[in-house]
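Protein chains in written order, with the numbering used here: chain A, 534 to 708; chain B, 5 to 607. Glycine is no exception: its CB is placed at the ideal position from the N, C-alpha and C atoms. Here the structure is a predicted model, which is why all the values come from computation and not from measurement. Structure record follows, encoded as C-alpha cells.
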C-alpha cells in the first residue's frame, strides 16, 4: 500500500475500511446476520450478499454485478469465470479475505516470471472501482459461494438512500 | 512521390521483379512485395486483399497437406497477425514482451537474430484486451515493430540492431501499441490503442530513415489536429465544413474521445490515398457524450504525404454499442452496373458490409453480412434524404434510447462486432470476399462513469450469447461486395477470430478458436482439410514459397478479446438462478500456447 499512500481519497477510504473491519477469510461463513440500511454483513462484520429464495438480491450484489462487468471482466472474464490470462475470481474469492481483496484492488499486483506476465493495475485512483469496492466484493463472494449463478440478477432490492448518498460523496456527483 | 536510386537490395537476394510502380513505394518494400514468393506486408499487398497468386497447393491436393515445421515463440498470450517472409528470411513477432525472431529458411529455420525489448510490465494491464500485437512491417532494409509501450522501433533486417526508435504515446495515460506499422513511400504510419481509457487517438507518420515525426492526424478535435480541410475534405460528396468534429461533442469531451486507430491500413498508389478506420468513442455510455462524436467510427481516406483527409464516412454516428470502426479496408477493382469501379469494401463491427468508391467516398452498398444483425433496419441510401448515409436505429436496441441504468436486451451483434480485427480476404478470380465472423448477441446496460487518466473508462455492463435459436458463435462466409449478399456460410462453433487467406489455387484458409487450420473450396466453402494446432488461432493465415515449395503458415496462441469472452463460455441469460453457464467453453477445447505451424505438401 505504500506506493499508493496519499494517491487519492479513495485509497484512504480503503485503508480506513481495512483497519476498521475484523479480519476474516473470504471463505468464512457468508451468512448475513446484520442489515444496515440494505447493506448486509456477516458475523465477522465483513460485507456479504443477501439473496432470498425467490432470487431477489440485495442492491450491493446487483451493483457489484454491474461494476464487475464494466471494469473487471475485461481481464477476469464474464461472471468471474476467468480468461485466458487472468484468474477466475469466483475461485479466488473462495480463499481471498476481504482485506486482501481491498489491498489488491487498490494497489495492484504483479506476477511476472518466465512462465507468465500477469499484471493487475492499481485501481486506487479509479472512482469507478474504488467507490464500489464492497459492491464488487459481495457480488464475487456470492459467485464464489455458488449463491449466484452465471446470470444477471433479475430481481433486486431497491437502491437504499444510504447507497445513493455514499455514491454521490465518493464519485463527487450531486443530484 | 520521392524517387530513390535503385540499389542492391539489402535483403537476401530478393529477385527484383518489375520496376513499374517503384516510384510509389519504398524501393526495398516495392521489390519485396512484387515477388509472389514473399509475404512482405501485413496483408501481403497494399490492396489488403490477402490474395496470393501461389497455386502449388490447390483444391485437389490441399487434403494432403502436412506439417512441415513448427516454431515456439516462447510467449503464452494471444497471438494475432502473421509473420513476414522476405527472400529466405522469416520474421516472427510475439505478444508482449514483443520478441521478434528472424529465421533462416535456408537452414531449417535457424534463428538468425532475436530482438527482445525491455518494457515496463505496467503497460500490460492498460492493454484493453490482452497483450496482443498484430505484426511487423518491412521497408528500407528495416523491420518495423510497434511495441506495447508505443515505442515504434526500426530494426536492421539483417542484424536485428535498433536503427532508430520513437515513442508514439504514453502508456500511463492508457495509450498502448498493438497495431502493425504500415510503410508507404518514405514514411511508416502507425495507429494507437486506448479506446477504453479515454485516449484521443491518432495516426502518425514517421520518416522511414530516422523516425522523425512528419504528421499526426487525430480522430477528433479541431480541424488542424484532425487534418481536414473544411472545404476540400468531403463526407458523402459534400465538404465537411468548419469544426466538423468539435460541433459533434459536448464541451471538450473530444479530448478523451477515443476513436482509436489500432486496425489495419490499405493504400492505393494511383490515387495516393491511405485508408483506415477509427474506433469507438469513449465512454461506452452513450448518454454521457451527446452528439455524433465525429470522427469516431469513421472510414478515413488520407494523403499519406501530408496526412490531409480527402474524404470521410462515419458509419455509426454516436455509437451506443462499442462497434469500433477499425476493421480492414479491402481495395478491389470490379464492375458495378456495367462500369469499372475502384472500390473499397469494409466489414464493420456494426454488422454491415460497406462498399464505397474509394476515390470519392461515395457509398454504394451497405448490407448486413450476418442476417441476425438487428440494431438497425439499414442505411439510408437516398442521396436527397437529410439522413443520407445514416443507419436507422431500432429503438428497442438503442442503448441511448433505453438510457443509463437500463439493460437493453438481445442486441445483435455484440460489442465484439459481427467481425473484429481478424481480416477478410478477397479473390479476384471468384470476386468473393472471405469473411471470418462472430455470431454473438448481447445485453448492454450503460451507466455513469468518471474519467481518470490511465484508468479504464468503460461505463457499460454487457453479457454476450449466441443469437436465440443458434448454438454456433461464428460463421465463415463468402460475400459478394457488389450486391451485398452472402454467397455461402460455414457455421463454426466459436467466433472465427483468424485472418483469412485466399489463393490462386482455389483454396481459402482460416483458423478457428479451437485451434484448427482449415482449408475450404473458394467456390463452395466445402471443407477440404483441417489440422488441430496446439492452441486456439487468432492469427492470420499467410503463405510463401521457398526453394520451389509453397508453404502455408499460421500463429496459434489463444487470447485477445476472444480469450476473455469465450474462455469460460458465454453467459446464458435465460438460465435460471444458480445455473452454470450454458454455452461451449473454449477452455474445454484448447489451452494457452504460442506457436507457428508451417504446412506444405508431402515431398
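- In this structure, the beta-carbon distance from residue 496 (chain B) to residue 516 (chain B) falls below 8 Å.
- In the same chain as residue 546 (chain B), and ignoring 5 residues on each side of it, the C-beta atoms closer than 6 Å to its own belong to 43, 86, 557, in chain order.
- In the three-state scheme derived from DSSP, where H, G and I count as helix and E and B as strand, residue 623 (chain A) is classed as helix.
- Following the DSSP letters along the chain, one finds residue 228 (chain B) in no beta strand (DSSP E) but inside the alpha helix (DSSP H) bounded by residues 227-230.
- Under the three-state reduction of DSSP, residue 603 (chain B) is assigned to strand.
- Uninterrupted beta strand (DSSP E) stretches at least 3 residues long and entirely within the stretch 77-155 of chain B occur at 88-90, 93-97, 104-108, 114-119, 141-143, 146-150, given in chain order.
- Counted as a single uninterrupted DSSP element, the alpha helix (DSSP H) harbouring residue 609 (chain A) occupies residues 606-609.
- Interface flag for residue 588 (chain B) against chain A is unset, since no Cβ pair is found closer than 8 Å.
- Rounded to whole angstroms, residue 98 (chain B) and residue 82 (chain B) show a C-alpha spacing of 9 Å.
- Of the other Cβ atoms in all chains shown, 16 or more fall within 10 Å of the Cβ of residue 270 (chain B); this residue is therefore buried.
- Take the alpha-carbon of residue 294 (chain B) and the one of residue 403 (chain B): they are about 13 Å apart.
- Note on residue 283 (chain B): 16 or more other CB atoms within 10 angstroms of its CB, so buried under the neighbour-count rule.
- At a C-beta separation below 7 Å, residue 632 (chain A) has no neighbours in chain B, since its nearest C-beta there lies roughly 22 Å away.
- For residue 134 (chain B), a Cβ of chain A is located within less than 8 Å of the residue's own Cβ.
- Per the coordinates, the alpha-carbon of residue 401 (chain B) lies some 42 Å from the alpha-carbon of residue 508 (chain B).
- Neighbourhood of residue 607 (chain A) in chain B, by CB distance below 8 Å: 132, 133, 200, 460, 462, 568, in chain order.
- In this structure, residue 278 (chain B) lies away from residue 196 (chain B), with their beta-carbon atoms at least 8 Å apart.
- In summary, residue 302 (chain B) is buried, with 16 or more beta-carbon neighbours lying within 10 Å of its beta-carbon over all protein chains present.
- Among the residues facing chain A, residue 465 (chain B) is included, as its CB has a counterpart in that chain under 8 Å away.
- Judged by pairs of C-beta atoms under 8 Å, the stretch 257-272 of chain B does not touch the stretch 429-442 of chain B, as fewer than three such pairs exist.
- Per DSSP, the continuous beta strand (DSSP E) segment holding residue 192 (chain B) begins and ends at 191-195.
- Excluding sequence positions up to five before and after residue 476 (chain B), its CB lies within less than 7 Å of the CB of 443, 470, 495, 496, 497, all in the same chain and listed in chain order.
- In this structure, residue 231 (chain B) lies near residue 313 (chain B), with their beta-carbon atoms less than 8 Å apart.
- Shortest Cα-Cα distance from residue 74 (chain B) to any of B:113, B:398, B:31, B:458 involves B:113.
- Contact check for residue 236 (chain B) against residue 212 (chain B) fails: the beta carbons are separated by 8 Å or more.
- Fully contained in the stretch 287-325 of chain B are the following beta strand (DSSP E) runs of length 3 or more, in chain order: 302-306, 313-318.
- Between the beta-carbon of residue 323 (chain B) and that of residue 290 (chain B) there is about 7 Å, and that keeps the pair under the 8 Å contact cut.
- Take the alpha-carbon of residue 209 (chain B) and the one of residue 234 (chain B): they are about 22 Å apart.
- With 16 or more other Cβ atoms inside 10 Å of its own Cβ, residue 467 (chain B) counts as buried.
- Inside the stretch 371-449 of chain B, DSSP marks whole alpha helix (DSSP H) runs of 4 or more residues at positions 403-406, from first to last along the chain.
- Taken in chain order, the members of the stretch 72-90 of chain B whose beta-carbon sits within less than 8 Å of a beta-carbon on chain A are 80, 81, 82.
- Membership of residue 632 (chain A) in the alpha helix (DSSP H) is indicated by the continuous run 631-640.
- Within chain B, the residues placing a beta-carbon under 7 Å from that of residue 645 (chain A) are 125, ordered along the chain.
- If the five residues before and after residue 418 (chain B) are omitted, its C-beta is found closer than 6 Å to the C-beta atoms of 444, 445, 446, 468, all from its own chain and listed in chain order.
- Listed along chain B, the residues sitting closer than 7 Å to residue 604 (chain A) by beta-carbon distance are 460, 462.
- Taking 8 Å as the cut-off between beta carbons, none of the residues of the stretch 254-287 of chain B comes near chain A.
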